[in-house]
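**Student:** 39 is the number of the first residue of the sequence shown in this note's numbering; add one for each residue after it.
C-beta: ideal position from N, C-alpha, C; glycine also.
If you're wondering where the values come from, they're calculated on a predicted model, not measured in any experiment.
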Amino acid sequence: MDSLSGPAQLAVLVLLLLLAAFFSVAETAMMALSRLRLRHLVRQGRHGARRTQVLLERADRLLSVVLLGNSLLNTAITALVTALTIVHFGSSQWTLALATIAVAFLILVFSEITPKIIGATYPERIALPASFVLQPLIRLATPVLWFVNLFVQALLKLLGIRARANFEAQRLTPDELRTIVLEGSSFIPSKHRSMLLNLFDLERLTVDDVMAPRSRIEALDLSQPPAAIAEALTTCYHNKLPVHEGDITRVVGILHLRKLMPLFAAGGLDPAAIRAALVAPYFIPTGTALIQQLQMFQDNRQRLGLVVDEYGEVLGLVTVEDIVEEIIGEFTTQAPALGDGALRWNADGQVVVDGSVALRMLNRRLGLSFPLEGPKTLNGLLLETLEQIPDGPCSLRFGRCVVEVIQIQDQAVRSVRLTREA
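1. What did DSSP end up calling Gln-445 once you bin it into helix, strand or coil?
2. Fully enclosed by the region 250-318, which beta strand (DSSP E) runs are 3 residues long or longer?
3. Does the beta-carbon distance from Ile-427 to Gln-449 come in below 8 angstroms?
4. When you compare each of Arg-438, Leu-234 and Gly-291 to Leu-316 by their alpha carbons, which one comes out closest?
5. Phe-61 to Gly-83, Cα distance in whole Å?
6. According to DSSP, simplified to helix, strand and coil, what is Gly-379?
7. Out of Val-104, Ile-218, Cys-432 and Ser-261, which has the shortest C-alpha to C-alpha gap to Arg-177?
8. Give me the Cβ distance between Arg-252 and Leu-328, rounded to the nearest whole Å; I'm assuming they're in contact under 8 angstroms.
9. Buried or exposed for Ala-165, please, with buried defined as at least 16 other CB atoms from any protein chain shown within 10 angstroms of its CB.
10. Distance, Cα to Cα, Leu-54 vs Ser-232?
11. Starting from the N-terminal side, write out each stretch of the beta strand (DSSP E) that is 3 residues or longer and does not extend beyond the region 388-456.
12. Have a look at Leu-260, Cys-274 and Glu-363 and flag the residue whose alpha-carbon is nearest the alpha-carbon of Met-249.
13. How about Leu-400 and Lys-414: do their beta carbons lie closer than 8 angstroms?
14. Answer yes or no: do Ser-407 and Gly-437 have a C-beta to C-beta separation smaller than 8 angstroms?
15. Answer with buried or exposed for Met-299, where buried requires no fewer than 16 other C-beta atoms within 10 angstroms of its C-beta.
16. Assign Arg-75 to buried or exposed, taking buried as 16 or more other Cβ atoms, counted over all protein chains shown, within 10 Å of its Cβ.
17. Please go through the same chain and pick out, in chain order, the residues whose beta-carbon is closer than 8 angstroms to the beta-carbon of Phe-143, but skip the five residues on each side of it.
18. Taking the alpha-carbon of Arg-452 as reference, which of Leu-419, Asp-392, Val-186 and Gln-91 has the nearest alpha-carbon?
19. Buried or exposed for Gly-198, please, with buried defined as at least 16 other CB atoms from any protein chain shown within 10 angstroms of its CB.
20. Distance check for Arg-296 and Glu-422, CA to CA, integer angstroms please.
21. Using DSSP with H/G/I as helix, E/B as strand and the rest coil, what is Ala-179?
22. Using DSSP's beta-bridge definition, name the partner residues of Arg-321.
23. Of the residues Asp-360, Leu-134 and Met-69, which one's Cα is nearest the Cα of Thr-120?
24. With the cut-off set at 8 angstroms, would you say Val-281 and Phe-321 are in Cβ contact?
25. In three-state DSSP terms, what is Arg-339?
26. Between the beta-carbon of Glu-214 and the beta-carbon of Thr-287, is there less than 8 angstroms?
27. My assumption, with CB atoms under 8 angstroms, is that Pro-431 sits in contact with Val-443. Please give the rounded CB distance.
28. Check Gly-107 in the structure and name its three-state DSSP category.
29. For the beta strand (DSSP E) that contains Leu-146, what are its first and last residues?
30. If we ignore side chains and look at the alpha-carbon of each, how far apart do Glu-221 and Ala-64 end up?
31. Where do the N-terminal and C-terminal ends of the alpha helix (DSSP H) with Leu-234 fall, by residue?
32. Considering just the uninterrupted stretch of the alpha helix (DSSP H) at Thr-152, what are its terminal residues?
33. Asp-285: which of Glu-256, Ala-67, His-85 and Leu-188 sits nearest, CA to CA?
34. Which value, in whole angstroms, describes the spacing of the CA atoms of Val-50 and Thr-152?
35. Given that a residue counts as buried once 16 or more other Cβ atoms are within 10 Å of its Cβ, and exposed if not, what is Glu-348?
36. Taking Lys-278 and Leu-301 to be in contact with their CB atoms under 8 angstroms, please state how far apart those CB atoms are, rounded to whole angstroms.
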C-alpha cells in the first residue's frame with residue numbers, strides 16, 4: 039500500500055465502493071423484479087430475461103454469491119481505510135474510532151442505501167444487464183459456495199428450517215390476483231377490471247345466489263283448462279317454459295315455444311300436443327358453484343336448469359344468462375316486472391320492491407350493502423333479523439337504508455318500501 043500514491047489509493051477505495059454498490063443494486067433489483075413481468079419479458083424474447091429467470095430459479099445460489107461478494111468487498115474497504123488511517127494519521131484510539139465511523143458512512147451511503155433504492159426503483163433496467171455479470175460469477179464461485187452452503191444447510195437443519203430454493207414454487211392466491219387487478223386500475227379499463235373481479239367472485243358464488251326463486255318462476259300448468267293454457271302461452275314473456283302438472287315441484291319437461299307455432303297455426307293446441315313437444319328437464323343440485331355450473335351447461339349443451347334440494351323439491355331456476363351477467367353485468371332484456379324502472383330510486387329516495395327480490399340484485403342496482411353471507415332474498419333477511427314472521431307493518435334499518443314492511447301474505451313478506459338516507 040505504501041508503494042501506491044495518494045490518488046491511486048483513493049482510486050482503489052472508490053473502485054471497491056463501486057463494486058460493493060454493484061452487488062447491492064443487483065441483489066435488490068433481482069429480488070424486486072416481478073416474476074410475472076419477467077415471464078412476460080421471456081415470452082417476448084427480451085435480451086437477458088431468460089438468463090435472469092434462470093438465476094432466480096436458483097435464488098439460493100444467487101443470494102450466496104451476492105452476499106459473498108458484498109461481504110468480501112466491505113471487509114476490504116474497512117481494511118483499506120484502516121490501513122490508510124494508520125499510515126497517514128497514526129494508530130491512536132480516537133483516530134481509529136473516526137476511521138470506523140467514516141467507513142460505516144461510506145459503505146452505508148455509497149454501497150448499501152443508495153444502490154438499493156436505485157435497484158428497487160428500476161428493477162427491470164438493472165436486473166437484466168446485471169445477469170450477464172452474475173451468471174459467470176456464480177460459475178466461478180461454485181466451489182466456494184458449495185463449501186459455505188455446507189455450513190448453511192447444517193445450521194438450517196439444526197434450526198428445523200427447510201429452505202425452498204426454487205422461488206418458482208410460489209403461487210399467487212386469488213386474493214393476491216385480485217389485488218394485482220385493483221392496483222392495475224391505471225392500465226386496465228374499468229369495465230374490464232370489473233369483469234376480472236367478477237370472475238374471482240364466481241368461485242365463491244353458487245346457483246342459489248343467482249337463481250330465480252320458485253315463487254317467481256314463470257311456468258305452464260297442464261292441469262289447467264285449454265283456454266287458460268292458451269292465454270298463458272300467448273302472454274308468456276320467455277321462449278322456454280318449465281311445464282308441470284298441478285304443483286310446480288312436479289315438472290314434466292321444458293317447452294320451447296317455437297315448437298308450438300305450427301300447432302297455433304293449425305288451431306290444434308291441446309295438452310297432449312304440448313306434452314309431445316316437451317324435452318327432458320335439466321336439474322341442478324343446490325349449492326353447485328357457479329363456475330362449475332357454467333362448465334356443466336357447456337358440456338351438456340343446456341341453457342336452463344331447475345335447482346333442486348336433497349329431497350328433489352324445486353327451489354328455483356337458473357340460466358346461462360344469469361351466470362354470464364354475474365361476469366359482465368346485466369345485458370339481456372329483463373322481464374317487465376323486473377325491468378330497470380322497477381328497481382330505481384324515485385325523486386324522494388324511495389322504491390317499492392317485492393320481498394322475494396334477491397339481495398345481490400338490490401345491492402347491484404340500487405347501490406346498497408345488504409349482507410350476502412346468509413339469506414339470499416330480502417324476505418329471508420327480514421325473517422332472520424326479526425326471528426319471526428311480522429304480523430303487521432314494521433320498519434328496520436340496515437346501514438343507511440330504512441326497510442319498511444308494507445304487506446305480508448302467505449307467511450312471507452310480499453311488499454317492502456326501501457328509503458335511503460340523503
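**Tutor:** Answer, in terms of the structure:
1. Here residue 445 corresponds to residue number 407 of the sequence shown, with the count starting at 1. Three-state result, Gln-445: strand.
2. 278-282 and 289-294
3. Residue mapping note: residue 427 aligns to position 389 of the sequence shown, counting from 1. Residue mapping note: residue 449 aligns to position 411 of the sequence shown, counting from 1. A contact, by the Cβ cut-off of 8 angstroms.
4. Residue numbering aside, residue 316 sits at position 278 when the sequence shown is read from its first letter. Here the closest residue by C-alpha is Gly-291.
5. Locating residue 61 in the sequence shown gives position 23, counting from the first residue. Locating residue 83 in the sequence shown gives position 45, counting from the first residue. Cα-Cα distance, rounded: 26 angstroms.
6. Counting from 1 along the sequence shown, the entry for residue 379 is found at position 341. Residue confidence for Gly-379 is low, a pLDDT of 47 falling below 50, so the modelled location carries little weight; the figure read from the coordinates is stated next. Here Gly-379 sits in helix by DSSP.
7. The sequence position of residue 177 within the sequence shown is 139, counting from 1. Considering only alpha carbons, the answer is Val-104.
8. Residue numbering aside, residue 252 sits at position 214 when the sequence shown is read from its first letter. Residue numbering aside, residue 328 sits at position 290 when the sequence shown is read from its first letter. Between Leu-328 and Arg-252 the Cβ distance is about 19 angstroms, and since that is not below 8 angstroms, they are no contact.
9. Working through the sequence shown from its first residue, we reach residue 165 at position 127. By the 10 Å Cβ count, Ala-165 comes out buried.
10. Working through the sequence shown from its first residue, we reach residue 54 at position 16. Working through the sequence shown from its first residue, we reach residue 232 at position 194. Taking the straight line joining both Cα atoms gives about 52 angstroms.
11. 388-392, 432-436 and 439-447
12. As a first step, residue 249 is located in the sequence shown; it is residue number 211 there, counting from the start. Residue Glu-363 is the option with its Cα nearest to Met-249.
13. On the sequence shown, residue 400 is found 362 positions in, with the first residue counted as 1. On the sequence shown, residue 414 is found 376 positions in, with the first residue counted as 1. Not closer than 8 angstroms, so no.
14. Within the sequence shown, numbered from 1, the residue matching residue 407 stands at position 369. Within the sequence shown, numbered from 1, the residue matching residue 437 stands at position 399. Yes.
15. Walking along the sequence shown from the start, residue 299 turns up at place 261. Met-299 comes out exposed.
16. In the sequence shown, residue 75 corresponds to position 37, counting from 1. So Arg-75 counts as exposed.
17. Start at 1 with the first residue of the sequence shown, and residue 143 comes out as number 105. Excluding positions up to five away in sequence, the list is empty.
18. As a position in the sequence shown, residue 452 is number 414, starting the count at 1. Closest option to Arg-452, Cα to Cα, is Asp-392.
19. The residue given as residue 198 occupies position 160 in the sequence shown. Classification for Gly-198: exposed.
20. Walking along the sequence shown from the start, residue 422 turns up at place 384. Walking along the sequence shown from the start, residue 296 turns up at place 258. Cα to Cα, the separation comes out at about 43 angstroms.
21. Within the sequence shown, numbered from 1, the residue matching residue 179 stands at position 141. In the structure shown, Ala-179 sits in coil (DSSP, three-state: anything other than H, G, I, E or B).
22. In the sequence shown, the residue the question calls residue 321 occupies position 283. The sequence given here places Phe at residue 321; Arg does not occur at that position. DSSP output for Phe-321 lists Leu-344 as bridge partner(s).
23. Mapped onto the sequence shown, residue 120 falls at position 82. Ranking the options by Cα distance to Thr-120, first place goes to Leu-134.
24. Taking the sequence shown and counting its residues from 1, the one referred to as residue 281 is at position 243. Taking the sequence shown and counting its residues from 1, the one referred to as residue 321 is at position 283. Not closer than 8 angstroms, so no.
25. In the sequence shown, the residue the question calls residue 339 occupies position 301. Reduced to three states, the DSSP call for Arg-339 is coil.
26. For the purposes of this step, residue 214 is identified with residue 176 of the sequence shown, where counting begins at 1. For the purposes of this step, residue 287 is identified with residue 249 of the sequence shown, where counting begins at 1. Cβ atoms of Glu-214 and Thr-287: not closer than 8 angstroms.
27. For the purposes of this step, residue 431 is taken as the residue at position 393 of the sequence shown. For the purposes of this step, residue 443 is taken as the residue at position 405 of the sequence shown. Contact holds; Cβ gap of about 6 angstroms.
28. Stepping through the sequence shown from its first residue, residue 107 is reached at position 69. Helix.
29. As a first step, residue 146 is located in the sequence shown; it is residue number 108 there, counting from the start. Where Leu-146 is concerned, there is no enclosing beta strand (DSSP E), given that its DSSP letter is neither H nor E.
30. Position 183 of the sequence shown, counted from the start, is the residue given in the question as residue 221. Position 26 of the sequence shown, counted from the start, is the residue given in the question as residue 64. Approximately 26 angstroms, taken between the alpha carbons.
31. One-based indexing of the sequence shown puts residue 234 at position 196. Segment 228-240, the alpha helix (DSSP H) holding Leu-234.
32. Locating residue 152 in the sequence shown gives position 114, counting from the first residue. Unbroken alpha helix (DSSP H) run through Thr-152: 152-159.
33. In the sequence shown, counting from the first residue as 1, residue 285 sits at position 247. It is Glu-256.
34. Here residue 50 refers to the residue found at position 12 when the sequence shown is read from its first residue. Here residue 152 refers to the residue found at position 114 when the sequence shown is read from its first residue. Looking at the two C-alpha atoms, the distance is approximately 20 angstroms.
35. Taking the sequence shown and counting its residues from 1, the one referred to as residue 348 is at position 310. Label assigned to Glu-348: exposed.
36. Translated into positions along the sequence shown, residue 278 becomes position 240. Translated into positions along the sequence shown, residue 301 becomes position 263. Between Leu-301 and Lys-278 the Cβ distance is about 16 angstroms, and since that is not below 8 angstroms, they are no contact.
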